[in-house]
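Numbering (our numbering), first residue to last: -7 to 310.
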């Protein structure tokens, strides 16, 4: 089985032999780990001045960076960063990865049209609009949905190039969701349900990511129909074991390795947390091992390599 096939079996919650699949939403530590600049950290302000060959070299470099990361850490999937982000260059990047690695890896791109919780500068205005401009927000949500569908429809015509989408709009603080369940039902669920159905009908898989405490809206998210939920943030009080019990028969689960402990905990605490996540997640299949966010800039590389070591030695279906 290829890593791609193993990843798909996990998304389908089917039995797997050997290692539990693993990946990271983003692995930013490529300079330290590989001596290569991560695609999202490159500066493309001279992109329009580059020759066709220069552009191809950049795209191939990025493709090789993704592949080398996946090879080193046994990742089953790659989520590309759209840099530069126009559709043609995204296609060229995906094509380069496929040319160099075949169908070995599950390839994803971003594709979440739903509203994320606003940042501090716009939070008051957005909250006001939810109470005073419901129709305007719904119209905006519809427009965002249609733009995502246009991209997906174009991608679906490139048969087999892309496997799925990661939907990365964040909905929650650590203590609770930004959207109350009623607001979620009004402003998020209809559009999340539709985009997930359309993606599925086009042959794509979908992983829905959000950090924070998802528990008050967990059931609503699951009913929208993602193939997997990502993050399952322990810093937001989310228990992988509890989520597995509540909805593990309906949706695959990704993550729950505590990023806070990776930054500030002891090695012993990190090892114990990884073992807990593996035990809670692998039971009954349908689990993809990863951190509760990503391998972010500033994370000590040795900590990521420690969790990879424990996964390699113990994350095995026997």
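C-beta: ideal position from N, C-alpha, C; glycine also.
{"Check": "Which value, in whole angstroms, describes the spacing of the CA atoms of residue 177 and residue 305?", "Outcome": "43 Å"}
{"Check": "Just tell me which of 74, 288, 96, 10 has its CA closest to the CA of residue 68.", "Outcome": "96"}
{"Check": "Kindly indicate the opening and closing residues of the beta strand (DSSP E) around residue 50.", "Outcome": "Residue 50 -> not in any beta strand (DSSP E); alpha helix (DSSP H) instead, spanning 44 to 65."}
{"Check": "Go through the segment 197 to 256 residue by residue and report every complete run of the beta strand (DSSP E) that reaches 3 residues or more, in order.", "Outcome": "197 to 201, 220 to 223, 244 to 247"}
{"Check": "Between 287, 191, 141, which lies nearest to residue 15 when the distance is taken from Cα to Cα?", "Outcome": "287"}
{"Check": "Can you find a C-beta in chain B that's less than 8 Å from the C-beta of residue 221?", "Outcome": "In summary, chain B is missing from the structure at hand, where a single protein chain is found."}
{"Check": "Output the distance between the C-alpha atoms of residue 22 and residue 127, rounded to the nearest integer angstrom.", "Outcome": "44 Å"}
{"Check": "Give me whichever residues DSSP pairs with residue 10 in a beta bridge.", "Outcome": "309"}
{"Check": "Does the contact criterion of 3 or more C-beta pairs under 8 Å hold for the segment 182 to 198 versus the segment 127 to 147?", "Outcome": "yes"}
{"Check": "On the DSSP letters alone, give me the boundaries of the beta strand (DSSP E) that residue 171 sits inside.", "Outcome": "Counting along the chain, residue 171 falls outside any beta strand (DSSP E), and DSSP gives it neither H nor E."}
{"Check": "Could you check if residue 256 is buried or exposed, using at least 16 other CB atoms within 10 Å of its CB as the buried criterion?", "Outcome": "exposed"}
{"Check": "On the DSSP bridge assignment, give the partners of residue 283 in chain order.", "Outcome": "249"}
{"Check": "Compare the C-alpha of residue 83 against each of 105, 112, 52 and name the closest.", "Outcome": "52"}
{"Check": "Taking C-beta to C-beta, are residue 218 and residue 284 nearer than 8 Å?", "Outcome": "no"}
{"Check": "Leaving out five residues on either side along the sequence, give the residues of the same chain with a beta carbon under 7 Å from the beta carbon of residue 212.", "Outcome": "173, 176, 177, 181"}
{"Check": "Counting pairs of beta carbons, one from the segment 27 to 36 and one from the segment -3 to 4, are three or more of them closer than 8 Å?", "Outcome": "no"}
{"Check": "Pick out the complete alpha helix (DSSP H) segments inside the segment 88 to 165, 4 residues or longer, and give them in chain order.", "Outcome": "115 to 124, 126 to 148"}
{"Check": "Do residue 247 and residue 222 count as a contact pair if the criterion is CB distance below 8 Å?", "Outcome": "yes"}
{"Check": "What distance in whole Å lies between the Cβ atoms of residue 144 and residue 103, which are believed to be in contact at a cut-off of 8 Å?", "Outcome": "7 Å"}
{"Check": "When you compare the CB positions of residue 233 and residue 245, do they come within less than 8 Å of one another, or not?", "Outcome": "no"}
{"Check": "Which of helix, strand or coil does DSSP assign to residue 71?", "Outcome": "strand"}
{"Check": "From this set, 271, 46, 141, 32, which residue's C-alpha is nearest residue 157's C-alpha?", "Outcome": "141"}
{"Check": "For residue 114, is the classification buried or exposed, using 16 other Cβ atoms within 10 angstroms of its Cβ as the cut-off for buried?", "Outcome": "exposed"}
{"Check": "If you compare alpha carbons, which of 119, 243, 261, 297 is closest to residue 1?", "Outcome": "243"}
{"Check": "Please state whether the Cβ-Cβ distance between residue 71 and residue 154 is less than 8 Å.", "Outcome": "no"}
{"Check": "Are there 16 or more other CB atoms within 10 angstroms of the CB of residue 43, so buried, or fewer, so exposed?", "Outcome": "exposed"}
{"Check": "Report the option in 124, 279, 250, 108 whose CA atom is closest to the CA atom of residue 295.", "Outcome": "250"}
{"Check": "If you follow the alpha helix (DSSP H) that residue 4 is part of, which residue opens it and which one closes it?", "Outcome": "Per DSSP, residue 4 belongs to no alpha helix (DSSP H) and is neither H nor E."}
{"Check": "Where does residue 293 land, buried or exposed, given buried means 16+ other C-beta within 10 angstroms?", "Outcome": "exposed"}
{"Check": "Could you check where the alpha helix (DSSP H) with residue 184 kicks off and where it finishes?", "Outcome": "181 to 193"}
{"Check": "So who's on the other strand from residue 19, going by DSSP bridges?", "Outcome": "287"}
{"Check": "Take residue 162 and list the residues in its own chain whose beta-carbon comes closer than 8 Å to its own, dropping the five residues that flank it on each side.", "Outcome": "108, 109, 201, 202, 203, 204"}
{"Check": "Could you check if residue 112 is buried or exposed, using at least 16 other CB atoms within 10 Å of its CB as the buried criterion?", "Outcome": "exposed"}
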